[in-house]
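S.K.:
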Amino acid sequence: MLHLLYVIAFTTLAFLAVGNLIRNLMTLGMESQRSQAPRSWAMGDPQAPGASRLRMVPHPELLDTAGNVINEPLLVMRSMSVEDAREQLDALYESSPGASSSGSSDRRDDR
Numbered sequence: 000m001l002h003l004l005y006v007i008a009f010t011t012l013a014f015l016a017v018g019n020l021i022r023n024l025m026t027l028g029m030e031s032q033r034s035q036a037p038r039s040w041a042m043g044d045p046q047a048p049g050a051s052r053l054r055m056v057p058h059p060e061l062l063d064t065a066g067n068v069i070n071e072p073l074l075v076m077r078s079m080s081v082e083d084a085r086e087q088l089d090a091l092y093e094s095s096p097g098a099s100s101s102g103s104s105d106r107r108d109d110r
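Letter 67 of the sequence shown, counting from 1, is numbered 66 in numbering that gives the first Met the number 0, and no numbers are missing.
Next comes the structure, spelled out in structure tokens:
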């Protein structure tokens, strides 16, 4: 009898979860088809025609000091070789207060 109760409970939970999944997918589909912010936001001109009906405020990290929208990459990563990374890590390790007198380059040569 207890097994039947478990089966009914987990079946109910499964139906609720699937229903919630379908409802979330439908909501996501409707939101993705809605019009986005006008092109004037990308140019930094929120006072352009049509911008008054959509009062979308950009995230503060996307604004410069004057309040204009930044239209450039926010993160630029410099690629470095593995050897450069090892040298920088070795320099950090050797400059740390608890570093031993023998450098890590001696240990790397033993491999």
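The beta-carbon is built from N, C-alpha and C at its ideal position, and this holds for glycine as well.
Just verifying my parser: in three-state terms, what is the DSSP assignment at Val-68?
M.R.: Here residue 68 is taken as the residue at index 69 of the sequence shown, counted from 1. Val-68: strand per DSSP, three-state reduction.
S.K.: May I ask which residues mark the beginning and end of the alpha helix (DSSP H) holding Met-0?
M.R.: For this step, residue 0 is matched to residue 1 along the sequence shown. Note, Met-0: premise wrong, no alpha helix (DSSP H); not H, not E.
S.K.: Is Arg-85 close to chain B? Criterion is C-beta to C-beta, closer than 8 Å.
M.R.: Absence of chain B from the displayed structure is noted, only one protein chain being present.
S.K.: Opposite Leu-62 in the DSSP bridges: which residues?
M.R.: Mapped onto the sequence shown, residue 62 falls at position 63. Val-68, per the DSSP bridge assignment.
S.K.: Just how far apart, CA to CA, sit Glu-93 and Thr-26?
M.R.: In the sequence shown, counting from the first residue as 1, residue 93 sits at position 94. In the sequence shown, counting from the first residue as 1, residue 26 sits at position 27. Each residue's Cα considered, the two are about 55 Å apart.
S.K.: How many whole angstroms separate the CB atoms of Met-68 and Leu-61, which I take to be in contact at a CB cut-off of 8 Å?
M.R.: Indexing the sequence shown from 1 puts residue 68 at position 69. Indexing the sequence shown from 1 puts residue 61 at position 62. Sequence check: residue 68 is Val here, not Met. Sure, about 6 Å apart at Cβ, within 8 Å.
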